[in-house]
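Visitor: Can you read through this structure? Questions will come right after.
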């Protein structure tokens, strides 16, 4: 999101190599916050669904990103 919106995300704000389920959920939650800051609606899927590799939830998030940024060069 930082690259798409043109801002820097400090490395201490997220886990670079998450080891536990909780760290992964925190990373996804942080990504959802960045998406909202970028003007997207709050994603419907829960961060836990994304971490658990739920295909439908993941595709929903990816589609929202695609529709917003498909014309960005």
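Residue numbers (the working numbering): 123 to 195.
Note that CB positions come from ideal geometry on N, CA and C, so glycine has one too.
Mapping the DSSP letters down to three states, classify residue 194 as helix, strand or coil.
Guide: Numbered from its first residue, the chain shown carries residue 194 at position 72. In this structure, residue 194 counts as coil in the three-state DSSP scheme.
Visitor: If we count the other Cβ atoms within 10 Å of its Cβ and call it buried at 16 or more, is residue 143 buried or exposed?
Guide: Along the chain shown, read from residue 1 onward, the residue named residue 143 stands at position 21. With fewer than 16 Cβ atoms within 10 Å of its Cβ, residue 143 is classed as exposed.
Visitor: Under 6 angstroms Cβ to Cβ from residue 148, same chain only, skipping five residues before and after it: list those, please.
Guide: Residue 148 sits at position 26 when you count from the first residue of the chain shown. Closer than 6 angstroms at Cβ, skipping near neighbours: no residue.
Visitor: Would you mind stating whether residue 162 and residue 193 have Cβ atoms separated by less than 7 angstroms?
Guide: Indexing the chain shown from 1 puts residue 162 at position 40. Indexing the chain shown from 1 puts residue 193 at position 71. It is not a contact, given that the beta carbons lie outside the stated cut-off.
Visitor: If residue 196 sits next to residue 154, beta carbons under 8 angstroms apart, how far is it from one beta carbon to the other, in whole angstroms?
Guide: Only positions 123 to 195 of the chain appear in this structure, which leaves residue 196 out of reach.
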